[in-house]
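Novice:
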Amino acid sequence: MLIKLAFLNLGRNRRRTLLTLSSLVISAAMLILSLGIFSGMFADMLSSATDNYTGHITISRPDYQQEHDLYLNFSPAPALLDKLQHTRGITGLSERLRAFGLLSGRDQSRPAELLGVDFAQEPQVTTLNQKLIAGTFPTNSAAGQGVIGSALARRLGVTVGDELVLVSQAADGSIANALLTVSGIFDSGDQMLNTRLALVDLHWLQNTMALPGKVHEIVLRCQQPLRAATLAATLQQQLGDTEEVLDWGKRLPQMQEVIASYDISRLIFVAILYSAAALGVLNTFYMAVLERATEFGVLLALGMPPRRLRWLVVLESLLLGALALVGALLLGGVLTWWMSRYGIDLSNQLSAVTYAGGTIPPRLHAVHDWNNYLIPSLCLLLVSIAASYLPARRASRLQPVDVLRRL
Numbered sequence: 001m002l003i004k005l006a007f008l009n010l011g012r013n014r015r016r017t018l019l020t021l022s023s024l025v026i027s028a029a030m031l032i033l034s035l036g037i038f039s040g041m042f043a044d045m046l047s048s049a050t051d052n053y054t055g056h057i058t059i060s061r062p063d064y065q066q067e068h069d070l071y072l073n074f075s076p077a078p079a080l081l082d083k084l085q086h087t088r089g090i091t092g093l094s095e096r097l098r099a100f101g102l103l104s105g106r107d108q109s110r111p112a113e114l115l116g117v118d119f120a121q122e123p124q125v126t127t128l129n130q131k132l133i134a135g136t137f138p139t140n141s142a143a144g145q146g147v148i149g150s151a152l153a154r155r156l157g158v159t160v161g162d163e164l165v166l167v168s169q170a171a172d173g174s175i176a177n178a179l180l181t182v183s184g185i186f187d188s189g190d191q192m193l194n195t196r197l198a199l200v201d202l203h204w205l206q207n208t209m210a211l212p213g214k215v216h217e218i219v220l221r222c223q224q225p226l227r228a229a230t231l232a233a234t235l236q237q238q239l240g241d242t243e244e245v246l247d248w249g250k251r252l253p254q255m256q257e258v259i260a261s262y263d264i265s266r267l268i269f270v271a272i273l274y275s276a277a278a279l280g281v282l283n284t285f286y287m288a289v290l291e292r293a294t295e296f297g298v299l300l301a302l303g304m305p306p307r308r309l310r311w312l313v314v315l316e317s318l319l320l321g322a323l324a325l326v327g328a329l330l331l332g333g334v335l336t337w338w339m340s341r342y343g344i345d346l347s348n349q350l351s352a353v354t355y356a357g358g359t360i361p362p363r364l365h366a367v368h369d370w371n372n373y374l375i376p377s378l379c380l381l382l383v384s385i386a387a388s389y390l391p392a393r394r395a396s397r398l399q400p401v402d403v404l405r406r407l
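Here full-length UniProt numbering is used: the first residue of the sequence shown is 1, the next is one more, and so on.
Here's what the structure looks like:
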């Protein structure tokens, strides 16, 4: 009975109902779209920080990630690699050996980081193979070939096909001296990587540095990067203290703080926007109660309990919020889909922004995150109920005698 009355009352003044409904739908849909764009920006930052180099999880000797000591290496057991490949939530892994040395080109020499990788494995965890600006990404059996950063190639004065001379100190104390052919040049978007990084064949670097069969780290890629910390903790328990398992949040603490602050800022953004929406709903129903004072007085005179009258007003507001929720989800979903598919290119007006180890490209786009739909939906219903409290309270306190005396 109350639901039927609530629907009838909403339809009595259709103009006012449609205006309030439209304002709620548009504000909630714009909120969903804005949160989707913010999620896209942070996804770009996280992707740029982990896809170029870091990965989502690293397994190494304790303290290696802080010291990068050549001797903090280990021989990965085949059983461990097989277990990681079949662990739920892990989509790829790459074994790495890291060395530092001097690369010499035609007339110039520059310090560089040599990252020995399996060229067949590395694309499973990073995307540098997709960021070549010259040459090709080597095959698995590419001993003596490497891919270097664009800034490093420019400073060394080399291009694809040229040879570089590597000079470093091997693990046995001897001088590591080898020739490296440039097979490709990448532009990662990160100036530091472009200036210092060279990807080389894992087995070639192991032999050059007198570390046969050794690696410094195993890098993992997760299906859900935001849950990497949970997966890393599970792996740490399984591997024990002999290895250190770090997720991207521990290796990139500033990025972790940015992602954490987003959850708080999302709630603040929702609160600010819906505070304004709540005032609109409050005003609408307060005016409606004043206009319908005679109607409410008659209902009270006929025996309707004040508590049921109060619930009638609350139910009207809740139904209005539910209708607005359906419209907002449809409109917000369509807008988010369009922004995720096409986006807005701002490269002519803006340049990429690097912050906290990540890069935000000059292109606005949205990503679908169920929290961006769930939080606005719940808040919209709560706002509808809360905004109707004062009008409902006033309606239930009307005195039938005073109201009917004005007729």
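Glycine included, C-beta positions come from ideal geometry on N, C-alpha and C.
From the DSSP output, read off the bridge partner residues of ALA112.
Specialist: Position 112 of the sequence shown, counted from the start, is the residue given in the question as residue 112. In the DSSP output, where bridge partners are listed per residue, ALA112 has GLY101.
Novice: Could you tell me if GLN399 is buried or exposed, where buried requires 16 or more neighbouring beta carbons within 10 angstroms of its beta carbon?
Specialist: In the sequence shown, the residue the question calls residue 399 occupies position 399. So GLN399 ends up on the exposed side.
Novice: Counting Cβ pairs closer than 8 angstroms, one from the region 365–377 and one from the region 290–300, do we hit at least three?
Specialist: Judged by Cβ distances under 8 angstroms, the region 365–377 makes no contact with the region 290–300, as fewer than three pairs qualify.
Novice: Taking the beta carbon of PRO78 as the centre, do at least 16 other beta carbons fall within 10 Å, making it buried, or is it exposed?
Specialist: As a working note, residue 78 is residue 78 in the sequence shown. Result: exposed.
Novice: Alpha carbons only, please: which of ARG310, LEU93, GLN108 and ALA198 is nearest the one belonging to PHE137?
Specialist: Within the sequence shown, numbered from 1, the residue matching residue 137 stands at position 137. Among ARG310, LEU93, GLN108 and ALA198, the Cα nearest to that of PHE137 belongs to ALA198.
Novice: Between the Cα of LYS250 and those of ASP263, ALA232 and SER94, spot the shortest distance and give me the residue it belongs to.
Specialist: One-based indexing of the sequence shown puts residue 250 at position 250. That would be ALA232, whose Cα lies nearest to the Cα of LYS250.
Novice: In whole angstroms, give me the CA-to-CA distance for SER347 and ILE175.
Specialist: Residue 347 sits at position 347 when you count from the first residue of the sequence shown. Residue 175 sits at position 175 when you count from the first residue of the sequence shown. Taking the straight line from one Cα to the other gives about 47 angstroms.
Novice: DSSP three-state label for GLU316, please.
Specialist: Translated into positions along the sequence shown, residue 316 becomes position 316. Helix at GLU316.
Novice: Any chance the CB of HIS365 is under 7 angstroms from a heavy atom of the ligand ATP?
Specialist: This structure simply doesn't include the ligand ATP, nor any ligand for that matter.
Novice: According to the Cβ coordinates, are LEU93 and LEU220 closer than 8 angstroms?
Specialist: Position 93 of the sequence shown holds residue 93. Position 220 of the sequence shown holds residue 220. In this structure, LEU220 lies closer than 8 angstroms to LEU93 by Cβ.
Novice: What first and last residue would you give for the alpha helix (DSSP H) that runs through PHE74?
Specialist: Working through the sequence shown from its first residue, we reach residue 74 at position 74. No alpha helix (DSSP H) holds PHE74; DSSP gives it neither H nor E.
Novice: Return yes when the Cβ of LEU193 is within less than 8 angstroms of the Cβ of TYR53, no when it is not.
Specialist: By one-based count along the sequence shown, residue 53 stands at place 53. By one-based count along the sequence shown, residue 193 stands at place 193. Going by C-beta atoms, TYR53 is nearer than 8 angstroms to LEU193.
Novice: Given a cut-off of 8 angstroms on the beta-carbon distance, is the pair ILE218 and PRO76 in contact?
Specialist: For this step, residue 218 is matched to residue 218 along the sequence shown. For this step, residue 76 is matched to residue 76 along the sequence shown. Yes; because the gap between Cβ atoms is below 8 angstroms, this pair is in contact.
Novice: Count the other C-beta atoms from every protein chain shown that fall within 10 angstroms of the C-beta of ARG98, then say buried if there are 16 or more, exposed otherwise.
Specialist: What you label residue 98 is simply residue 98 of the sequence shown in a count that begins at 1. Burial call: buried.
Novice: Ignoring anything shorter than 3 residues or poking outside the region 201–253, list the beta strand (DSSP E) runs there in chain order.
Specialist: 217–222 and 244–247, all fully within the region 201–253.
Novice: Can you tell me whether PHE186 is helix, strand or coil according to DSSP?
Specialist: As a working mapping, residue 186 is identified with position 186 in the sequence shown. Strand.
Novice: Are the CB atoms of THR20 and GLY189 nearer to each other than 8 angstroms?
Specialist: Looking up residue 20 in the sequence shown gives position 20. Looking up residue 189 in the sequence shown gives position 189. Cβ distance not < 8 angstroms, so THR20 and GLY189 don't count as in contact.
Novice: Going by DSSP, name the residue or residues bridged to GLN169.
Specialist: One-based indexing of the sequence shown puts residue 169 at position 169. BP columns for GLN169 point to ILE175.
Novice: Out of GLY40, LEU320, ARG155 and TYR389, point me to the one whose CA is closest to ILE344's CA.
Specialist: Numbered from its first residue, the sequence shown carries residue 344 at position 344. Here the closest residue by C-alpha is GLY40.
Novice: Using 8 angstroms as the threshold, is the region 20–37 in touch with the region 327–337, meaning 3 or more CB pairs across them?
Specialist: Yes, the region 20–37 is in contact with the region 327–337.
Novice: Relative to the C-alpha of LEU312, which candidate in ALA151, ARG393 and GLN237 has its C-alpha closest?
Specialist: Start at 1 with the first residue of the sequence shown, and residue 312 comes out as number 312. It is ARG393 whose Cα lies nearest to the Cα of LEU312.
Novice: Can you tell me which of the three DSSP states ARG96 falls into?
Specialist: For the purposes of this step, residue 96 is taken as residue 96 along the sequence shown, with counting starting at 1. Here ARG96 sits in strand by DSSP.
Novice: How would you call HIS56, buried or exposed, if buried means at least 16 neighbouring beta carbons within 10 angstroms?
Specialist: Position 56 of the sequence shown, counting from 1, holds the residue named residue 56. HIS56 is buried by the Cβ-count criterion.
Novice: Which value, in whole angstroms, describes the spacing of the CA atoms of SER275 and MET255?
Specialist: Indexing the sequence shown from 1 puts residue 275 at position 275. Indexing the sequence shown from 1 puts residue 255 at position 255. Looking at the two C-alpha atoms, the distance is approximately 30 angstroms.
Novice: To which residues of the same chain is VAL200 closer than 6 angstroms at the C-beta, ignoring the five residues directly before and after it?
Specialist: Numbered from 1 along the sequence shown, position 200 holds the residue referred to as residue 200. Only LEU114, GLY116 and GLY146 meet the Cβ criterion.
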